[in-house]
Every structure is written in C-alpha cells, then in structure tokens.
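Q: Before anything else, here's the structure in question.
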Amino acid sequence: MNTHKCPTIEEFKGILKRHSLKATPQRLAVHEAMVELGHASADMVTDTIKAKGTAKVTLASVYNILTHMAMLKVYNYRLSANNKMYFDVNTFKHIHLYDQENHVFKDVIDDELVSLLESYLGRKRVKGYKIEGIDIQLVARPTKKKYLA
Numbered sequence: 055m056n057t058h059k060c061p062t063i064e065e066f067k068g069i070l071k072r073h074s075l076k077a078t079p080q081r082l083a084v085h086e087a088m089v090e091l092g093h094a095s096a097d098m099v100t101d102t103i104k105a106k107g108t109a110k111v112t113l114a115s116v117y118n119i120l121t122h123m124a125m126l127k128v129y130n131y132r133l134s135a136n137n138k139m140y141f142d143v144n145t146f147k148h149i150h151l152y153d154q155e156n157h158v159f160k161d162v163i164d165d166e167l168v169s170l171l172e173s174y175l176g177r178k179r180v181k182g183y184k185i186e187g188i189d190i191q192l193v194a195r196p197t198k199k200k201y202l203a
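In my numbering, the protein residues as written are 55 to 203.
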C-alpha cells in the first residue's frame, strides 16, 4: 500500500476481516464517505451516506463505527477548536492545517519537514517522558485578498 494513501475499499475489507469484523453495508458506506471527505465529523459522514443512499445509517451508528475504527487505528481523530470530533482517514505521517474560521482540517504532505522534526525531536529529551510520536497542527485563517480597481 502506498504510504500516502488511505486504505482502498478492498484494503478496508481486509482490515475488517483481520479484526474479525463483518464488512457490513454501514461500515463500507462509512469508509467510502471518509475516503471522499478525508477529515469529517460523524454528522458529515452521515449526511454523505444519506445523500448517496448507499446504506441505512443513524448518526449514532456512524459515530460508533468511526470511533471503533479509530480505536483500531484505521482512522485517526482530532478535536477542533469548536469541540467537535473529526476523524481522519489518512493515518500516515503528515501535518494538519486547521482553518479556525471554517473549522476544517486539510492535510499538508511534507515528508522532508516531518523527517527533520522527527530527527530533531528524537535527539531531545523531556524529563519524565518518552516521546511516542509527533502530531503537528498548523492553525490558520483563510487569506482575504483585496484587489484595487
């Protein structure tokens, strides 16, 4: 599997099988919606599934599936500044850009920067702690370009 891609639907079915889970229409619909959305809250995924009509789901069932997949490390999760849980279909190493006006996450793929940070921070010691990973989030606002007539 490419390290910069989320699991395809076939790979997702394999992950479910390895965890002794059935590839239910609901789980498959959640994954398809997550692949489409990238970063999404349970209500966003629910709305996407309902709009496509691919499976019958409730907000609670979608949230439970997303949470279960996050516990299995199939998805990551992030809490936004407005205290909403967002799930991330991409579990490879990358940086997040958080748009604090629109409460949207975007991926920043920069392997060189991630490698530099890991190398630098790997040499640092924090007394009483063992660093297990790096989670970088850039907080930003959209630029508003003003053009003069």
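All residues carry an ideal CB built from backbone N, CA and C; glycine is no exception.
If you reduce the DSSP assignment to three classes, tell me which class I149 lands in.
A: Position 95 of the sequence shown, counted from the first residue, corresponds to residue 149. DSSP places I149 in strand when its eight states are reduced to three.
Q: Quick one: what's R132 bridged to in DSSP?
A: The residue you call residue 132 lines up with position 78 of the sequence shown. Y140.
Q: Assuming H150 and N136 make a contact with CB atoms under 8 Å, what is their CB distance in whole Å?
A: For the purposes of this step, residue 150 is taken as the residue at position 96 of the sequence shown. For the purposes of this step, residue 136 is taken as the residue at position 82 of the sequence shown. Actually they are not in contact, since the Cβ atoms of H150 and N136 sit about 15 Å apart, beyond 8 Å.
Q: Where in the segment 161-195 do unbroken runs of the alpha helix (DSSP H), each at least 4 residues long, occur, reported from the N-terminal end onward?
A: If we require 4 residues or more, the alpha helix (DSSP H) runs fully inside the segment 161-195 come out as 165-176.
Q: Counting only the same chain and skipping the five closest in sequence on each side, list residues whose C-beta sits under 8 Å from that of K76.
A: The count along the sequence shown starts at 1 and reaches residue 76 at position 22. Excluding positions up to five away in sequence, the list reads L70.
Q: Using DSSP bridges, identify the partner residues of H93.
A: For this step, residue 93 is matched to residue 39 along the sequence shown. Beta-bridge pairing links H93 to D142.
Q: How big is the Cα-Cα spacing for T62 and N130?
A: Locating residue 62 in the sequence shown gives position 8, counting from the first residue. Locating residue 130 in the sequence shown gives position 76, counting from the first residue. The alpha-carbon atoms of T62 and N130 are separated by roughly 16 Å.
Q: When you compare the CB positions of A96 and A87, do they come within less than 8 Å of one another, or not?
A: For the purposes of this step, residue 96 is taken as residue 42 along the sequence shown, with counting starting at 1. For the purposes of this step, residue 87 is taken as residue 33 along the sequence shown, with counting starting at 1. Not in contact: A96 and A87 (Cβ atoms no closer than 8 Å).
Q: Have a look at the DSSP bridge pairing and note the partners of V158.
A: On the sequence shown, residue 158 is found 104 positions in, with the first residue counted as 1. D153.
Q: Does the separation of the CB atoms of V143 and L120 fall below 8 Å?
A: As a position in the sequence shown, residue 143 is number 89, starting the count at 1. As a position in the sequence shown, residue 120 is number 66, starting the count at 1. Cβ distance not < 8 Å, so V143 and L120 don't count as in contact.
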